[in-house]
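1 is the number of the first residue of the sequence shown in full-length UniProt numbering; add one for each residue after it.
Take a look at the structure below.
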Amino acid sequence: MEETPARVDLLLDALRQQAREEFSGAVVVLGEANGKVVLREGLLTTATTSAAPGLESLLLRSGRISDEEWTAVFAAAAPSGRLPTALVERRLLGSAGVQVVTRMATMDALFALALTQIARVTTEPAGSGFLPPLLPVEPGIEVERAIRETSRRLASASRWRADLGLEPQVRPRLATASARHGTAGGAQADLLARIDGRRTCRDIAFTVGRGLFPVMTDLASLAGDGRIVLPPPQGRSPVRSDAGRPAASGPPDYGDRVRTEIPHLAVGADSQERQKMMADTALPRRSPPHRDGGGPPDHGFPARRRTR
């Protein structure tokens, strides 16, 4: 039986209720990791939490935008609420890129919040003094779609925890060479370079500028290939299950996997929306433009300008 994170229904039920009431404001989450989910007329426009990298970390740590570029555009556009427009005007992101990164950050924060122990959920209606998000999802995500996707991710996390002992607070370490199978490239190779036995899965996500869920997905794959070892979180002893694997112990904090399959995209009207919300791979770094005007299509991530 798949475990449900402690009191996650407090959050999901609150979101459903506020969606029905076409609420505008914030759903505030208090507990193991505090967070905030902002809605506009019942649609989810952003989610933030200390449990997962936010937009700034995703953009800067991934190398998509430099510190200097971010500081300049933020100072110029954030006070007037024009940050999304300014990012496009300055060719730091394309309009599609803004949509991708805002959805990515929002869905990952919702997953990370739902994975923690939740003590209390309150609401903060929009009004005088309410600060709207600087980079909202436009036009917003339907709450039921967001909940369905979050539930799928939680089911994956539950299996990784039961089968591999992968949790956000686990500190992966590299396996011995003799235990490794296959090769890792791209984003997985980048993760391997950051694994030192001290960083937690959550720490690694912040370090590489990727969402917690995609990082856990790759770590689960690396564990399945025998390339990393997942010791129990500090303060816990491994508990053996009947199958000889570490059994689940305690509530999740921050996490891993063997070769657990990621749920397939639904077929039908939901497919395109799910694809947008599942666009959780590492953000592409800007590369020099093609001189002949050819090359891959623009997905909203403009090529980096050449510097001497």
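For glycine and all other residues, C-beta sits at the position ideal for the given N, C-alpha and C.
Going by DSSP, name the residue or residues bridged to residue i.
| i | result |
| --- | --- |
| Arg40 | Leu43 |
| Ile141 | Leu44 |
| Arg61 | Bridge partners of Arg61: none, in fact. |
| Ile228 | Leu174 |
| Thr71 | DSSP output for Thr71 lists no bridge partner at all. |
| Thr49 | Gly35 |
Going by Cα to Cα distance, which pick from the options is closest to residue i?
| i | options | result |
| --- | --- | --- |
| Leu192 | Lys36, Ser128, Leu30 and Val229 | Val229 |
| Thr123 | Val170, Gly81, Lys36 and Asp190 | Lys36 |
| Ala223 | Leu164, Asp196, Thr71 and Leu60 | Leu164 |
| Glu167 | Met216, Gly54 and Ser66 | Met216 |
| Leu12 | Ala187, Ala175, Leu115 and Gly97 | Leu115 |
| Phe23 | Ala33, Val8, Leu39 and Val88 | Leu39 |
| Pro125 | Arg16, Pro231 and Val27 | Val27 |
| Thr150 | Ala112, Leu83 and Arg161 | Ala112 |
| Ala51 | Arg159, Arg145, Gln117 and Ala177 | Gln117 |
| Asp108 | Asp190, Ala33, Arg210 and Ala155 | Arg210 |
| Leu135 | Ala86, Ala220 and Ala189 | Ala86 |
| Ala189 | Ala162, Arg227, Gly42 and Pro232 | Arg227 |
| Pro79 | Arg91, Arg90 and Pro132 | Pro132 |
| Gly42 | Ala146, Ser95, Phe213 and Ala187 | Ala146 |
| Pro172 | Ser128, Ala187, Phe130 and Arg202 | Arg202 |
| Asn34 | Ala177, Arg194, Leu110 and Trp160 | Leu110 |
| Asp196 | Ser221, Leu174, Gly94 and Ala187 | Leu174 |
| Val143 | Asp9, Val8, Arg16 and Ala177 | Arg16 |
| Ser128 | Pro53, Gly25, Arg161 and Gly185 | Gly25 |
| Ser158 | Arg194, Ala187, Ala220 and Gly186 | Ala220 |
| Ile141 | Ser156, Ala162, Gly81 and Thr106 | Thr106 |
| Arg153 | Arg161, Phe213 and Val137 | Phe213 |
Mind checking residue i: buried by the 16 CB within 10 Å criterion, or exposed?
| i | result |
| --- | --- |
| Ala14 | buried |
| Arg20 | exposed |
| Leu30 | exposed |
| Gln18 | buried |
| Arg198 | exposed |
| Thr71 | exposed |
| Pro139 | exposed |
| Glu32 | buried |
| Arg91 | exposed |
| Arg120 | exposed |
| Gly97 | buried |
| Asp218 | buried |
| Ala75 | exposed |
| Phe130 | exposed |
| Ser95 | exposed |
| Ala177 | exposed |
Taking 7 angstroms as the cut-off, is the C-beta of residue i nearer than that to any heavy atom in the ligand GDP?
| i | result |
| --- | --- |
| Gly54 | The model on display carries no ligand, and the ligand GDP is accordingly not part of it. |
- [ ] Count the C-beta pairs between the segment 43 to 63 and the segment 94 to 114 that are closer than 8 angstroms, then say yes if the count reaches three, no if not.
- [x] yes
Open item on the list: Please give me, in chain order, every unbroken run of the beta strand (DSSP E) with length at least 3 that falls completely inside the segment 1 to 34.
Closed with: 25 to 31
- [ ] Report yes or no: do the segment 204 to 215 and the segment 54 to 67 share at least 3 C-beta pairs separated by less than 8 angstroms?
- [x] yes
TODO: Could you name each continuous beta strand (DSSP E) segment of 3 residues or more that falls completely within the segment 86 to 165, going from the start of the chain to the end?
DONE: 118 to 125
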